[in-house]
Each structure stands twice: as C-alpha cells, then as structure tokens.
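Residue 208 is where the sequence shown ends in the UniProt record's numbering, and the numbering goes up by one at each step.
Note that CB positions come from ideal geometry on N, CA and C, so glycine has one too.
This report refers to the structure that appears directly beneath it.
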Amino acid sequence: MYNITTQMWSQSDSDSNSDVKIIVGSEPDIKEFNTHSSVLRPSSLYFQRALSERWKDQKNGVYIITKPNIHPNIFMLILDYIYTGKDLLSAEDSLNISAEDSLNILVASDELELLDLAECIQKHLIKNFSPWLFSNLVKSLNIVCRHNHFHEVYNHVLNFTFRNPYSLFDSVELYLIDEVAMICLLESDDLELEEMQILKYLIRWGYF
Numbered sequence: 001m002y003n004i005t006t007q008m009w010s011q012s013d014s015d016s017n018s019d020v021k022i023i024v025g026s027e028p029d030i031k032e033f034n035t036h037s038s039v040l041r042p043s044s045l046y047f048q049r050a051l052s053e054r055w056k057d058q059k060n061g062v063y064i065i066t067k068p069n070i071h072p073n074i075f076m077l078i079l080d081y082i083y084t085g086k087d088l089l090s091a092e093d094s095l096n097i098s099a100e101d102s103l104n105i106l107v108a109s110d111e112l113e114l115l116d117l118a119e120c121i122q123k124h125l126i127k128n129f130s131p132w133l134f135s136n137l138v139k140s141l142n143i144v145c146r147h148n149h150f151h152e153v154y155n156h157v158l159n160f161t162f163r164n165p166y167s168l169f170d171s172v173e174l175y176l177i178d179e180v181a182m183i184c185l186l187e188s189d190d191l192e193l194e195e196m197q198i199l200k201y202l203i204r205w206g207y208f
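Right, here's the structure in full:
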C-alpha cells in the first residue's frame, strides 16, 4: 500500500506566497501542504466552498483545511494532478499506482469533488484492476456501496457479485461486509441465490 515512487508535486511546499495550509492524514502519518487558493478554487466546487468567505477558517491570513481521512501520499498525487494537470494514469506513472492506491484516490477525489479525476480513476480500475477488485470483494463492496454515485465501478463490482454470489457469501471475510453494502446487495433482484440460502448467510453474517 502507498508504494508510490513517481516524482510528485513539491514546488509550492516552501513557497512563501502560499495562502492555504492543508493538513492531511492521521497519526502517525500527518503532513502539511502549503498551497494556493488561486490554483485550488478552480479545481472543484469543494475548494470553492472551503476557500470562500462564508466557510473561511483562517489563521494569520492563511486558510486552514484538515483532511484526516486522506493519506498524505494519496493527497500528493492529487495535488500533483491539480497543479500540473498531469495525467496520473499515463502509461509511465500508472505503473507506480497500485489497485489499492487507485481505490483510495477515487474515494479522495469524491471527497474533494474532483469529478474528472474520479471518472478517469473508475475507468482505470475497471480496465487494469478488475481481478484485484473481485479478489478483494469485501473491501471493494464496502467502498462502492458507500459511494454508489461511482456508477461505473459500482455496477462493475455489483454485477460480478450478483453473478458470483458464493465468492462473497462463502468467503471467510463475509463478517467484514458492512451493513450498507449488505443492504445494497439484498435490495437487488439480481442476486443469484435462493431465499433460504440468503437467510442462512444472513444468520451467519449477523452472528458476527
């Protein structure tokens, strides 16, 4: 996880003209990024709101934003994308981005409302990491069912699960499926299981 080795954004890290400090990550992995509102605002509606007068959280004339849910390495990738417009998924750079990194970028891009990046990452996951998504089905389902507006990857993962229900329900990780994901599956008429089978698996899942 987080095995990113490509050259990342760095030019504004010590820039005295920066007016936004973004504190990313949680202990023990926390990093501060000195950035620029003039670059961030046009990139997404999230930054337009966060850097507006109404939502302003300033200290000594610097906007302060905290993002504990995003790992610093993932944010560095995203910041590089915002500042340079560089395609994170170019043939060269994508070699350094794992399946799990890609999924974390997708979740972070949703939080930051970077819609174009989210769309590209979905296509990248489906094209290059479908086997990983399916072999890590519990993790994949827990994420896509909490973010079901990721329509492409959401449908991709759910359709696999509907066609291959035993990949999930006979998994030793079934107990790790969260309630949102389980409801998401059970509300569909496409799950290829008999009603009594579903009940048996629900009892097993609920036991944990």
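Query: Beta-ladder partner(s) of residue 66, from DSSP; Result: 23
Query: Other residues of its chain near residue 132: CB distance less than 7 angstroms, five sequence neighbours each side excluded; Result: 99
Query: 4-residue-minimum alpha helix (DSSP H) runs that sit fully inside the segment 132-162, ordered along the chain; Result: 137-146
Query: Rounded straight-line distance, which links the Cα of residue 69 to that of residue 25; Result: 6 angstroms
Query: Continuous beta strand (DSSP E) stretch holding residue 53: start and end; Result: First-last for residue 53: undefined, no H or E at that position.
Query: Three-state class that DSSP yields for residue 31 in the structure shown; Result: strand
Query: Rounded separation between residue 117 and residue 196 - CA only; Result: 42 angstroms
Query: Other residues of its chain near residue 185: CB distance less than 7 angstroms, five sequence neighbours each side excluded; Result: 161, 191
Query: Residue 65 and residue 50 closer than 8 angstroms at C-beta; Result: yes
Query: Top-ranked residue by Cα proximity to residue 38, from 71, 20, 61; Result: 20
Query: Cβ neighbours of residue 71 in the same chain (closer than 7 angstroms, five flanking residues each side left out); Result: 2, 25, 29, 104
Query: Sub-8 angstroms separation of residue 106 and residue 79 beta-carbons; Result: no
Query: contact_flag[the segment 149-156, the segment 168-177] where n(CB pairs < 8 angstroms) is 3 or more; Result: no
Query: Residues of its chain near residue 63, where Cβ-Cβ distance is below 8 angstroms and the 5 sequence neighbours each way are ignored; Result: 19, 20, 21, 37, 50, 51, 56, 57
Query: Straight-line Cα distance separating residue 129 from residue 86; Result: 21 angstroms
Query: Residue 154 vs residue 144 beta-carbon contact at 8 angstroms; Result: yes
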